[in-house]
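For any residue, its number in the working numbering is found by taking its place in the sequence shown, counting from 1, and adding 278.
Below is one structure; the comments refer to it alone.
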Amino acid sequence: MTDESTTSPPPDPEDRRKHLDFIQAIVTRMSAASSNAKAWLLPVVTAAYGYALTQKADSVALLGLGATLLFAYLDANYLRQEKRFRSLYKAVASGRYNIATFSLQPDDLPSEVPTKEKGDWPAGTPRWINRLLPGPNVWLSWSVGVFYVPVALLGVVIACIVR
């Protein structure tokens, strides 16, 4: 005879389905926020770089470059959070891990989930760096690196030209 107080019942399939819905809603929200960051960046840098070129104002070009770096940082954080919640989704969907029902904490992910999948820095990196900056695979992704690096380089070129 087993002690029923220590044996947890299997999770209800409907609870798991609802849990996955909650996580998917967060992933969708992070994706929309990333798109909004890009949508806001384009008119800001177009105005800054255009003004810098027409008025020969390198300080305005540098302001546009600063805006690019700020938006890149915001977008990278959105992508890292999205990756964490995707990993949480996979872990909950697999049912292999003991994740609390309706937990929306990516920190509940098991240690077996690779840091690359979570958008974190490799093991051994100081915790404060991992909390402050998204991991290298986030910065090098097509939605962050490939988008923001050319815009930033354009700002550097414009600042050098108008100087």
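Idealized CB from N, CA, C, for every residue including glycine.
All figures in this text were calculated on a predicted structure; none of them were measured in a lab.
Identify, in the order they occur along the chain, each residue of the same chain with its Cβ nearer than 8 Å to the Cβ of residue i, setting aside the five sequence neighbours on each side.
i, result
"A345", "L319, V322, V323, A326"
"P384", "Q359, R362, F363, S365, L366, K396"
"L418", "none"
"N415", "K394, G397"
Which residues in the same chain as residue i place their Cβ atom closer than 6 Å to its Cβ, once the five residues preceding and following it in sequence are excluded?
i, result
"I268", "The requested residue 268 is not part of the displayed model; the chain covers only 279 to 441."
"A378", "none"
"D290", "none"
"F349", "A315, L319"
Less than 7 Å between C-beta atoms, sequence neighbours within five positions excluded: which residues of the same chain meet that for residue i?
i, result
"V472", "Beyond the ends of the chain as shown, which are 279 and 441, falls residue 472; an answer cannot be given."
"L298", "Y367, V370, A371"
Kindly indicate which three-state DSSP category residue i falls into: helix, strand or coil?
i, result
"T306", "helix"
"W417", "helix"
"L352", "helix"
"S372", "helix"
"E390", "coil"
"G328", "helix"
"A315", "helix"
"S337", "helix"
"S365", "helix"
"A345", "helix"
Quick check on the DSSP output: the alpha helix (DSSP H) that includes residue i runs from which residue to which?
i, result
"V443", "Nothing in the structure corresponds to residue 443, since the chain is present only between 279 and 441."
"I407", "405–410"
"T393", "393–396"
Original post:
Between the region 396–414 and the region 347–367, do three or more beta carbon pairs fall short of 8 Å?
Top reply: yes
**OP:** Assess, as a yes-or-no matter, whether the region 349–358 is touched by the region 308–317 under the definition of 3 or more beta carbon pairs within less than 8 Å.
**Re:** yes
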